[in-house]
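Student: Below you will find the structure I want to go over with you.
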Amino acid sequence: MASTDEALLKALHYSDMFDFPLTKDELYWFAVEKKIPSHRVFEQSLSKLRRMIGEKNGMYYLKGREGIVDFRHRRSAISAQKKKLGQMLGRYIARIPTVTFVGISGGVSSDNADEEDDIDFFVISQPGTLWTTRVAVLATLSVLGRRRVKNAQDVSDMACVNMLLDGHALALPQVMRSLYTAWEVVSLQPLFSRGDTYLSFLQANQWIFSFLPQAREKIATYAYDKKEHSKTRLSSLFANKAMVQLSKFAQLFYMGRQRNESMITPSLLAFYPRTFHGDLLKKYHEKLRTFGITER
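In case it helps, my numbering puts the sequence shown at residues 1021 to 1316.
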């Protein structure tokens, strides 16, 4: 099987785990691990694979999985409404002077959210203000009545900052560098960037394009608000070392056992079950082996 064919099948096998068919553009953008020479080669591969993949209403999926097209249409409509709310919340988060980037992540940004899902945010802070910025973001969401809290039963349309990165170290750690994270980064919907923070983040994480070589074309379609960096008294207060340490101590104490399901480093706070990432990729690689698709 040609490498371009395998790249497209890998994309569909991965998205299939989320019951998520891909548009033709998405199938091209998310082709896994292979730089496609031209759109002509891409179209030729689509034609050759018609016994293995299906198409309905402009959506591509693995043969026998046409039912997920209706899932996507329903979830896309739900996600569109949640994005509107997320954009409003993002504008408030962006007013915090030490927030240098904010974007919507997760199922909402991927157009794959259900009614009961929350809205995930990815935030980058001014260097040295990771913990104080998180306090400010959570306080803002609390005032707006949209903060997701621990052990809540109903989280629909609530907001969760599932990843917060310090601006002094924009490169994601080696342990996170996988197809899963690359797909999440490419699907991230940027809302606001102070200066070139978003572009600097992408530059620091060029590894994502080894997993998704065509993804630059998708990223180029995004539009977002941009402002220049500015220093205020509040940003200076948030950078105060004593304030940062106090904020860190208080939040770690409050997190309690939740810390076991988080990745916490001096420059990164990532809140998701540690096993989810690995379990998902294990299932993906098992699917590839079952179908005789070459793994990298």
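By construction, the Cβ of each residue, glycine as well, lies at the ideal position given by its N, Cα and C atoms. On a predicted model such as this, the values are computed, not experimentally measured, just so you know.
For the region 1123-1141 and the region 1252-1261, state whether three or more C-beta atom pairs, one from each stretch, are separated by less than 8 Å.
Tutor: No: the two stretches stay apart, fewer than three of their Cβ pairs being nearer than 8 Å.
Student: Tell me which residue opens and which closes the alpha helix (DSSP H) that MET1263 is part of.
Tutor: Its alpha helix (DSSP H) spans residues 1261-1275.
Student: If we call anything under 8 Å between Cβ atoms a contact, is SER1267 one with TYR1244?
Tutor: No, Cβ-Cβ distance for SER1267 and TYR1244 is not below 8 Å.
Student: Taking just the CA atoms, how far does GLY1074 sit from LEU1289?
Tutor: Approximately 40 Å, taken between the alpha carbons.
Student: Identify the continuous alpha helix (DSSP H) that holds GLY1127 and give its terminal residues.
Tutor: Note, GLY1127: alpha helix (DSSP H), 1126-1129.
Student: Using the C-alpha atoms, what's the distance from SER1125 back to CYS1180?
Tutor: In a straight line, the C-alpha of CYS1180 is about 10 Å away from that of SER1125.
Student: Could you pull the start and end residues of the beta strand (DSSP E) that ASP1140 belongs to?
Tutor: Unbroken beta strand (DSSP E) run through ASP1140: 1139-1145.
Student: Tell me whether ARG1214 sits in a helix, a strand or coil according to DSSP, three-state version.
Tutor: Strand.
Student: Out of LEU1164, LEU1028, PHE1258, LEU1109, point me to the one whose CA is closest to VAL1061's CA.
Tutor: Cα-wise, what sits closest to VAL1061 is LEU1028.
Student: Along the chain, where does the alpha helix (DSSP H) that runs through ILE1113 open and close?
Tutor: ILE1113 -> alpha helix (DSSP H) spans 1087-1114.
Student: Taking Cβ positions only, does GLY1127 come closer than 8 Å to chain D?
Tutor: Included in the structure is just one protein chain, with no chain D present.
Student: Specify, as a first and last residue, the run of the alpha helix (DSSP H) that PHE1258 falls within.
Tutor: 1253-1258 is the extent of the alpha helix (DSSP H) around PHE1258.
Student: Taking its Cβ as the centre, do 16 or more other Cβ atoms sit within 10 Å of TYR1304, making it buried, or is it exposed?
Tutor: Buried, because 16 or more other Cβ atoms sit within 10 Å of the Cβ of TYR1304.
Student: Determine the DSSP secondary structure at MET1178, reduced to helix, strand or coil.
Tutor: Coil.
Student: Distance, Cα to Cα, GLN1209 vs PHE1050?
Tutor: Cα to Cα, the separation comes out at about 16 Å.
Student: How would you call GLY1127, buried or exposed, if buried means at least 16 neighbouring beta carbons within 10 angstroms?
Tutor: Looking at its Cβ environment, which holds 16 or more other Cβ atoms inside 10 Å, GLY1127 is buried.
Student: With DSSP as the reference, please indicate the residues paired to ARG1167 in a beta bridge.
Tutor: BP columns for ARG1167 point to ALA1179.
Student: Would you decide whether THR1314 is buried or exposed? Buried here means 16 or more other CB atoms lie within 10 Å of its CB.
Tutor: Burial call: exposed.
Student: Check VAL1119 in the structure and name its three-state DSSP category.
Tutor: Looking at VAL1119 - three-state DSSP - the assignment turns out to be strand.
Student: Using three-state DSSP, classify ASP1045 as helix, strand or coil.
Tutor: Three-state result, ASP1045: helix.
Student: When the Cα atoms are used, what is the spatial distance from ASP1174 to ARG1167?
Tutor: Looking at the two C-alpha atoms, the distance is approximately 12 Å.
Student: Based on the DSSP output, what are the partners of PHE1291 in its beta bridges?
Tutor: Note: PHE1291 sits in a beta bridge opposite SER1282.
Student: Does LEU1190 come out as helix, strand or coil in the three-state DSSP assignment?
Tutor: Note: LEU1190 maps to coil in three-state DSSP.
Student: Between HIS1033 and LEU1308, how many whole angstroms is the CB-CB distance? I'm expecting something under 8 Å.
Tutor: HIS1033 to LEU1308, Cβ: 6 Å. Contact.
Student: Among the residues of its own chain, which have a CB less than 6 Å from the CB of LYS1030, if the five just before and after it don't count?
Tutor: Correct list, in chain order: VAL1052.
Student: Find the nearest neighbour of ARG1154 within the set SER1023, GLU1135, ASP1090, ALA1270, judged by alpha-carbon distance.
Tutor: Closest option to ARG1154, Cα to Cα, is ALA1270.
Student: Is there contact here, the region 1067-1085 with the region 1110-1117, by at least three beta-carbon pairs under 8 Å?
Tutor: As far as the Cβ criterion goes, the region 1067-1085 does not touch the region 1110-1117, which means the pair count is below three.
Student: On a CA-only basis, which of ASP1131, LEU1109, ALA1240 is nearest ALA1159? Give me that one, please.
Tutor: Here the closest residue by C-alpha is LEU1109.
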